[in-house]
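Beneath this line is the structure, given in structure tokens, with notes to follow.
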Amino acid sequence: MSSKAELDAIFARLTTAYNTLSADPKKATPKDKAQLKSAALELISATQTPHENAFAFATQNSVYPCYRVAGDCGLLAKWPKEVMSAGELAELTGAEERLVVRIMRVLTSSGVFTEVGEATYKHNTLSTTLSNPGFLSTAKFLNPGISNLPEYLAATSYRNPGSNPDTATPFQCGNNTPLTFYQALAADSKARNGFDAQMKQSVLMERARFPKGFAETYDFEGEFGSLIKGEEDVAIVDVGGSGGHVLGDIIKHLPGLKGRKVLEDLPETVESVTAPDGIEVVGYNFLEGIQPIKGAACYLFRQVFLNWSDAKGKQILQNTLPAMTRGHSRILIMEPVMPPMKAPLMPAMIDIVMSQMGGQIRTEKMWRAFLDEAGFEVVKIVPSNSNQTVIEAVPKK
Ligand SMILES: C[S@@+](CC[C@H](N)C(=O)[O-])C[C@H]1O[C@@H](n2cnc3c(N)ncnc32)[C@H](O)[C@@H]1O
1 MSSKAELDAI FARLTTAYNT LSADPKKATP KDKAQLKSAA LELISATQTP HENAFAFATQ
61 NSVYPCYRVA GDCGLLAKWP KEVMSAGELA ELTGAEERLV VRIMRVLTSS GVFTEVGEAT
121 YKHNTLSTTL SNPGFLSTAK FLNPGISNLP EYLAATSYRN PGSNPDTATP FQCGNNTPLT
181 FYQALAADSK ARNGFDAQMK QSVLMERARF PKGFAETYDF EGEFGSLIKG EEDVAIVDVG
241 GSGGHVLGDI IKHLPGLKGR KVLEDLPETV ESVTAPDGIE VVGYNFLEGI QPIKGAACYL
301 FRQVFLNWSD AKGKQILQNT LPAMTRGHSR ILIMEPVMPP MKAPLMPAMI DIVMSQMGGQ
361 IRTEKMWRAF LDEAGFEVVK IVPSNSNQTV IEAVPKK
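Here the sequence shown is numbered in full-length UniProt numbering, starting from 1 and rising by one per residue.
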């Protein structure tokens, strides 16, 4: 336990962070939230001994399996009554009552469900969110590759995943499959639907921050609207655009943006896509061939490169380059950019999740070097008031 002076100092930081955030919660930036979270965690840590902190840290991997068990056996499902006892939950799920109590203990102390009496519980916001089938199937799909990371890294003598594109990825080793992450996802319709729903949900949350959605994160119309002379010209190609939720949002808020708008994703993904009105859909594997849509003003890659190693990322860019018209086409990359220091835990964790595919969340310095090596010049980097940054780049002269 820290001294009174240390506790006071942390509490003062916590209060400052709280005051900033509570002044106008709707305008709070991810940085404001991260500062409050970091001060809150610091305070919790300061109230415990170093051994207690170390023990809690080292045993946190017991929480995730309890979440999986709760999902698999039905504890996370919607309950017939608002408040349920462990006995009633045992009857509902078929799990032994003593086991229900143990699982629920870990979950309630982690904020999942609320314990309203002895061995009596009710759902709360976190348990309801975690019950979403899409959330559960995505978590299940992502887990083996990450859990197996220590063995993978030991076996590869601690090479950075992705640094050798010919080595199997942590995802492939953890799941004992030759399939890449997206090939495996395509073969598992439950996981694919869950994954797409998560992508859509994250877009909805991000969009909710801006009255004009993505149209506010970059001035699409101002930057290249005047280059589109007729309806045959291509305005935007959303490469790896999943169900078109991002492109649909962009064009909804920019009714004046002329030209064709094209959604591309893997052929097996676009097969089941009903794109929003005004969008053409094209099946295209960006690792396997040259970009088929030539001369677009903008090739948009949102949350694409974080899934890929530098080597594969360069392949994607080099497959795009021949389709681009110099002085007319640009690429726009939208994804989180890792701060050079004091990174919040969330992007740091997502970075590790991405490592299982050989991908990563790059810092600005890494982006500049990566794009330069792939033959691109950065035109601008626009940080947005969300966790996404927009990087605009054009072919090098
Ligand atoms: C993380 S998701 C991003 C989806 C969307 N851009 C967004 O921001 O919500 C990555 C997308 O890349 C697609 N993808 C993966 N491998 C691909 C490939 N080889 N060619 C084309 N698209 C691919 C996936 O199907 C998925 O929809």
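Beta carbons are placed, not taken as given, at the ideal position from N, Cα and C, and that holds for glycine.
| Item | Value |
| --- | --- |
| Compare the beta carbon distance of Pro-165 and Ser-309 with 8 Å and say whether it is the shorter of the two. | yes |
| Any heavy atom of ligand 1 within a distance shorter than 7 Å of the CB on Tyr-299? | no |
| By the 10 Å Cβ neighbour count, where 16 or more other Cβ atoms means buried, how is Asn-19 classified, buried or exposed? | exposed |
| Would you check if the distance between the CB atom of Leu-300 and the CB atom of Val-234 is smaller than 8 Å? | no |
| Using a Cβ-based criterion (distance less than 7 Å to any ligand heavy atom), does Thr-269 qualify as near ligand 1? | yes |
| Just tell me which of Glu-268, Thr-138, Asp-196 has its CA closest to the CA of Gly-244. | Asp-196 |
| Assuming contact is defined by CB atoms lying nearer than 8 Å, are Val-337 and Thr-320 in contact in what I supplied? | no |
| My output table needs one value for Ala-168: the three-state DSSP class, helix, strand or coil. | coil |
| Check whether the region 165 to 183 touches the region 145 to 155, counting contact only when three or more Cβ pairs, one atom from each stretch, lie closer than 8 Å. | yes |
| If you count every other CB in all the chains shown that lies within 10 Å of the CB of Pro-211, and 16 or more means buried, which is it? | exposed |
| By DSSP's criteria, Met-338 is part of a beta bridge. Which residues make up the other side? | Thr-363 |
| Mind checking whether the beta-carbon of Val-246 lies closer than 7 Å to any heavy atom of ligand 1? | yes |
| Mind checking whether the beta-carbon of Met-199 lies closer than 7 Å to any heavy atom of ligand 1? | yes |
| Is it the case that the Cβ atoms of Leu-136 and Gly-71 are separated by a distance below 8 Å? | yes |
| Cutting at 6 Å between CB atoms, please list the residues of its own chain near Gly-313, excluding the five before and the five after it. | Phe-305 |
| What residues match up with Lys-122 in a beta bridge as DSSP calls it? | Val-83, Thr-114 |
| Counting along the chain, where does the alpha helix (DSSP H) carrying Tyr-18 start and finish? | 4 to 23 |
| Where does Ala-235 fall in DSSP's three states? | strand |
| Could you pull out every unbroken beta strand (DSSP E) segment of at least 3 residues lying fully inside the region 274 to 308, listed in chain order? | 280 to 283, 298 to 302 |
| What number of angstroms, rounded off, separates the C-alpha of Asn-307 from the C-alpha of Ile-316? | 12 Å |
| With distance defined between alpha-carbon atoms, name the residue in Leu-41, Glu-377, Ser-329 nearest to Ser-226. | Ser-329 |
| With a cut-off of 8 Å, do at least 3 Cβ pairs link the region 99 to 118 to the region 65 to 81? | yes |
| Got a sec? Which residues, its chain only, sit under 6 Å from Tyr-152 by beta carbon, not counting five neighbours each side? | Pro-170, Cys-173 |
| Does the distance between the C-beta of Phe-210 and the nearest non-hydrogen atom of ligand 1 fall short of 7 Å? | no |
| Applying the criterion that 16 or more other CB atoms from any shown protein chain within 10 Å of the CB defines a buried residue, is Pro-292 buried or exposed? | exposed |
| Please list the segments of the alpha helix (DSSP H) lying wholly inside the region 190 to 253, counting only runs of 4 or more residues, in order along the chain. | 220 to 224, 245 to 253 |
| Pull the bridge partners of Pro-383 from the DSSP assignment, please. | Thr-389 |
| So Thr-180 and Thr-167 are supposed to be a Cβ contact under 8 Å. How far apart are they, rounded? | That pair is no contact at about 13 Å. |
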